[in-house]
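Residue numbers (UniProt numbering): 1 to 405.
For glycine and all other residues, C-beta sits at the position ideal for the given N, C-alpha and C.
Predicted model only: the values in this text are computed from it and were never measured.
Structure representation (structure tokens):
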């Protein structure tokens with residue numbers, strides 16, 4: 001019996017559908033793979049373009065001549081690399097641990113000797129407090145009678161100068177100061193830090209210190225955004241004898257120690273954090289971070305130049321909410337970029353936007369740009385983009401004037 005031309009073989013429609021779905025799946029995987037490769041290439045292009053500057057050449061030479069041997073010496077003496085919060089989002093091994101324990105660390109290992117950075121004054125080393133910050137641990141015994149709390153990134157952290165030359169070190173000469181700054185932090189981390197620690201201290205003032213590279217669009221995919229904005233991620237426990245890290249965080253730090261030991265190579269603070277070095281380095285591009293950041297910056301530039309990014313506004317609002325006037329003074333401070341080390345044509349507009357928003361909500365704004373610019377390149381380190389001891393002195397003096405009547 002012949003089959004009519006209009007008749008179809010049973011199952012042919014489902015077979016064609018399966019083939020189409022398979023084709024779409026293959027195409028989707030191909031396109032995604034090309035995007036990942038494109039993200040990697042774009043990151044390399046951006047790194048190459050930054051490496052063409054005279055400042056980048058000085059930094060590269062410093063790494064070879066000074067940083068590598070100094071790190072090797074520090075490691076031999078028992079110092080460890082810093083576990084920056086930003087590493088959790090860029091290193092798969094740390095991200096896996098954070099997700100496993102359900103935590104998001106805001107500082108490095110507690111009570112640990114660490115090496116930090118060198119920008120012409122030798123490799124900085126210090127010992128962390130009970131929560132992983134750069135403070136004398138005894139400061140936490142005075143958490144109910146503080147004069148000032150500092151929140152910020154590497155500039156507040158004190159990169160790359162001795163403690164006595166840092167902002168906190170200088171202010172601590174005649175004030176009780178708690179330093180909650182960590183290198184690499186962004187406004188998202190400022191919000192998380194303020195929400196976590198400010199409810200547990202009593203202070204006369206809080207200074208939220210911004211830098212030019214805080215000027216960016218919200219990263220909606222940030223692990224820290226999810227951890228602290230969408231969920232109540234555990235961090236501190238309160239007992240009769242004071243504040244303590246949540247048990248889950250303590251377990252995270254213990255598990256992260258052997259992972260960070262893989263970063264103790266002298267070539268870089270973080271050489272490789274997994275056994276599969278190539279896989280670990282490539283995995284960070286799976287979320288297309290460079291493409292997302294570049295698109296975000298393009299969108300940001302298309303908006304009004306005087307509009308303060310949402311995360312910066314949220315950071316200021318969060319600090320102000322936990323530092324209510326008149327009993328507590330909220331200070332928003334700005335540190336300018338070095339035109340030599342890190343030129344940023346958007347920086348002046350960002351400073352203006354910070355000033356305008358601070359005025360709008362009625363908090364103190366401190367712009368250190370005039371004094372830093374007057375000092376010129378001497379305000380910055382001789383071999384890197386952070387401030388020199390003289391530059392930090394100017395910032396500390398400006399903050400002291402803002403919080404002292």
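- Go ahead and pull the three-state DSSP assignment for residue 129. Within the chain shown, residue 129 is the residue found at index 129, counting from 1. Three-state DSSP puts residue 129 in coil, outside helix and strand.
- Message: Quick test of your reading: residue 200 and residue 106, contact by CB under 8 Å. State the CB separation rounded to the nearest angstrom.
- Response: Position 200 of the chain shown, counted from the first residue, corresponds to residue 200. Position 106 of the chain shown, counted from the first residue, corresponds to residue 106. No, residue 200 and residue 106 are not in contact; Cβ-Cβ is about 13 Å, not under 8 Å.
- Item | According to DSSP, residues forming a beta bridge with residue 211 | Counting from one through the chain shown, the residue named residue 211 turns up at place 211. Residue 211 is bridged to 335.
- Message: How far does the alpha helix (DSSP H) with residue 55 in it extend, from its first residue to its last?
- Response: What you label residue 55 is simply residue 55 of the chain shown in a count that begins at 1. Looking at the DSSP string, the run of the alpha helix (DSSP H) that includes residue 55 is 54-62.
- Given a threshold of 16 other Cβ atoms within 10 Å of its Cβ, counted over all protein chains shown, does residue 141 qualify as buried or as exposed? In the chain shown, counting from the first residue as 1, residue 141 sits at position 141. If you draw a 10 Å sphere on the C-beta of residue 141, you find fewer than 16 other C-beta atoms in it, and that means exposed.
- Item | Reference residue 349; option with closest CA among 253, 220, 214, 383 | Mapped onto the chain shown, residue 349 falls at position 349. Comparing Cα positions, the closest option is 214.
- Please list the segments of the alpha helix (DSSP H) lying wholly inside the stretch 121-192, counting only runs of 4 or more residues, in order along the chain. Scanning the stretch 121-192 from its first residue to its last, the whole alpha helix (DSSP H) runs of 4-plus residues come out as 154-157, 167-171.
- Query: DSSP state of residue 362, grouped into three classes?
  - Reply: To locate residue 362, count along the chain shown from 1; it is residue 362. Correct three-state label for residue 362: coil.
- Pair within 9 Å by beta-carbon distance, residue 156 and residue 179: Counted from its first residue, the chain shown places residue 156 at position 156. Counted from its first residue, the chain shown places residue 179 at position 179. Against a cut-off of 9 Å, the Cβ pair of residue 179 and residue 156 comes out as a contact.
- Item | Sequence-distant residues of its chain with Cβ nearer than 8 Å to residue 398 (five each side left out) | Position 398 of the chain shown, counting from 1, holds the residue named residue 398. So the qualifying residues of the chain are 333, 366, 368, 371.
- Message: Looking at the strands, I want to know which residues DSSP matches up with residue 24.
- Response: To locate residue 24, count along the chain shown from 1; it is residue 24. In the DSSP output, where bridge partners are listed per residue, residue 24 has none listed.
- residue 403 (DSSP reduced to helix, strand or coil): Here residue 403 refers to the residue found at position 403 of the chain shown. Taken through DSSP and simplified to helix, strand or coil, residue 403 comes out as helix.
- Taking buried to mean at least 16 other C-beta atoms within 10 Å of its own C-beta, is residue 194 buried or exposed? Stepping through the chain shown from its first residue, residue 194 is reached at position 194. Residue 194 should be labelled buried.
- Task: State the start and end residues of the unbroken alpha helix (DSSP H) segment that holds residue 387.
- Result: The residue given as residue 387 occupies position 387 in the chain shown. From DSSP, residue 387 is part of no alpha helix (DSSP H); its letter is neither H nor E.
- Item | Whole-angstrom C-beta distance between residue 224 and residue 192, which should lie under 8 Å | Here residue 192 refers to the residue found at position 192 when the chain shown is read from its first residue. Here residue 224 refers to the residue found at position 224 when the chain shown is read from its first residue. About 6 Å separates the two Cβ atoms, so the contact holds.
- Among 127, 150, 226, 83, nearest to residue 184 - alpha-carbon criterion: By one-based count along the chain shown, residue 184 stands at place 184. Here the closest residue by C-alpha is 83.
- Query: With 16 as the cutoff for other CB atoms within 10 Å, does residue 34 come out buried or exposed?
  - Reply: Mapped onto the chain shown, residue 34 falls at position 34. Under the 10 Å beta carbon count, residue 34 is surrounded by fewer than 16 other beta carbons and is classified as exposed.
- Message: Does residue 245 come out as helix, strand or coil in the three-state DSSP assignment?
- Response: Translated into the one-based positions of the chain shown, residue 245 becomes position 245. Judged by DSSP in its simplified three-state form, residue 245 adopts strand.
- Query: How about residue 74 and residue 125: are their beta carbons less than 9 Å apart?
  - Reply: Residue mapping note: residue 74 aligns to position 74 of the chain shown, counting from 1. Residue mapping note: residue 125 aligns to position 125 of the chain shown, counting from 1. Taking 9 Å as the Cβ cut-off, residue 74 and residue 125 qualify as a contacting pair.
- In angstroms, rounded to a whole number, what distance separates the CA positions of residue 268 and residue 61? Residue numbering aside, residue 268 sits at position 268 when the chain shown is read from its first letter. Residue numbering aside, residue 61 sits at position 61 when the chain shown is read from its first letter. Low per-residue confidence applies at residue 268: pLDDT is 45, beneath 50, and the placement is therefore not dependable enough to give any value.
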